[in-house]
Amino acid sequence: MKHLKEEKTYVMIKPDGVRKGLTGEIIRRFEQRDLKIVALEMFQPSHDQMDNHYPKNEEWITRLGKKTLSTYEKYGYDAMLDFGTLEPEKIGPEIRKWLIDYMMSAPLVKMIVQGVHAVDVVRKIAGETMPYLAAVGTIRGDYSIDSPALANKEKRCVTNVVHCSETPDEAEHEIKHWFGEGKTYDYKRFGVDE
Ligand code: ADP
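Following the numbering used here, the numbering of the sequence shown begins with 23 at its first residue and continues without gaps.
Here it is in structure tokens:
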């Protein structure tokens, strides 16, 4: 079994994060929490790479549609008017398409972040998916106010500064997808590894 300090997660600074000049600030917040950046690169993804990054299974896509429908219900909006359907499995693909368009709209910064409970701690630092609900002090809570109600009305996905893996299995899969067998760097952090 791997040492706890070796847990790795995958993080991507999304187009709005890069364009707001938040690359340094985001890295700083991970490093401040004693997490270690072991791989880092700015790049422009291809459409296929982005398409293969987000799950294609019906369950995930329907979940996106359901989230949108519940937002519409909450705010009394008419999903039929905007999407021409009330079926989450038909709304989901539309949101997924907006997501890919958004992720391709500027360069991204990808990194592998390593440390104790890296997956959970990075998600905690990133904050809740929906910025308007994310706690102040988290990346999404401090640097975005976007909401699905606004985004879906504007026919785009929610812009929330960063992506980070949800589980260790997802992290392993995403690290392989974006870095292949590429090099990570092993070094000792002062005060953490020695
Ligand atoms: P997370 O990025 O926190 O893991 P999800 O996997 O649920 O969140 O969703 C992936 C991304 O899709 C989100 O980060 C957000 O950019 C976008 N998104 C999720 N739900 C919606 C929605 N209802 N409307 C628009 N965009 C959405």
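By construction, the Cβ of each residue, glycine as well, lies at the ideal position given by its N, Cα and C atoms.
Whole-Å CB distance - Ile161 paired with Gly149, under 8 Å assumed: For this step, residue 161 is matched to residue 139 along the sequence shown. For this step, residue 149 is matched to residue 127 along the sequence shown. About 6 Å; that satisfies the 8 Å criterion.
Given 7 Å as the limit, tell me if Glu203 has its C-beta closer than that to any heavy atom belonging to the ligand ADP. Against the sequence shown, residue 203 aligns to sequence position 181. Outside the cutoff, so no.
Give me the DSSP bridge partner(s) of His185. Numbered from 1 along the sequence shown, position 163 holds the residue referred to as residue 185. Answer is Met34.
Return the chain-ordered list of same chain residues with a C-beta closer than 7 Å to the C-beta of Tyr124, the five sequence neighbours on each side being excluded. Here residue 124 corresponds to residue number 102 of the sequence shown, with the count starting at 1. Around Tyr124: Pro37, Arg178, Cys179, Thr181.
Comparing the CB of Leu86 with every heavy atom of the ligand ZN, is any distance shorter than 7 Å? The ligand content of the structure shown is limited to the ligand ADP, which means the ligand ZN is not among them.
Using beta-carbon positions only, say whether Tyr207 and Val60 come within less than 8 Å of one another. As a working mapping, residue 207 is identified with position 185 in the sequence shown. As a working mapping, residue 60 is identified with position 38 in the sequence shown. Going by C-beta atoms, Tyr207 is nearer than 8 Å to Val60.
Can you give the beta carbon distance from Glu29 to Ala157, rounded, assuming they're within the 8 Å contact cut? As a first step, residue 29 is located in the sequence shown; it is residue number 7 there, counting from the start. As a first step, residue 157 is located in the sequence shown; it is residue number 135 there, counting from the start. About 23 Å; that fails the 8 Å criterion.
Could you tell me how far apart the beta carbons of Val143 and Leu26 are, in whole angstroms, since I believe they sit closer than 8 Å? By one-based count along the sequence shown, residue 143 stands at place 121. By one-based count along the sequence shown, residue 26 stands at place 4. Contact flag wrong, Cβ pair sits at about 12 Å.
For Glu63, name the three-state secondary structure that DSSP assigns. To locate residue 63, count along the sequence shown from 1; it is residue 41. It is a strand residue.
Using a Cβ-Cβ cutoff of less than 8 Å, which residues in the same chain neighbour His69 once the five nearest sequence positions on both sides are dropped? Locating residue 69 in the sequence shown gives position 47, where the first residue counts as 1. Answer for His69: Ile122, Met126, listed in chain order.
Straight-line gap, His75 to Phe65 (C-alpha atoms, nearest Å): For the purposes of this step, residue 75 is taken as the residue at position 53 of the sequence shown. For the purposes of this step, residue 65 is taken as the residue at position 43 of the sequence shown. Taking the straight line joining both Cα atoms gives about 15 Å.
Short Cβ contact (8 Å threshold) for Val184 with Gly39: Locating residue 184 in the sequence shown gives position 162, counting from the first residue. Locating residue 39 in the sequence shown gives position 17, counting from the first residue. Yes. Within cutoff.
Rounded to the nearest angstrom, what separates Leu91 and Lys119 at their Cα positions? Start at 1 with the first residue of the sequence shown, and residue 91 comes out as number 69. Start at 1 with the first residue of the sequence shown, and residue 119 comes out as number 97. Looking at the two C-alpha atoms, the distance is approximately 17 Å.
Could one say the Cβ of Leu57 lies closer than 8 Å to chain C's Cβ atoms, at least one of them? The chain labelled as chain C is not found in the depicted structure, where only one protein chain is given.
Can you find the residues in the same chain that come closer than 7 Å, C-beta to C-beta, to Ile147, ignoring five residues on each side of it along the sequence? In the sequence shown, residue 147 corresponds to position 125, counting from 1. Excluding positions up to five away in sequence, the list reads Arg51, Phe52, Arg55, Thr160, Ile161.
Under the three-state DSSP convention, the category Met23 falls into: Working through the sequence shown from its first residue, we reach residue 23 at position 1. Coil, per DSSP.
Are there any heavy atoms of the ligand ADP lying less than 7 Å away from the beta-carbon of Ile117, as far as the coordinates show? Your numbering for residue 117 matches position 95 in the sequence shown. Yes; taking the cut-off as 7 Å, the Cβ of Ile117 has a heavy atom of the ligand ADP nearer than that.
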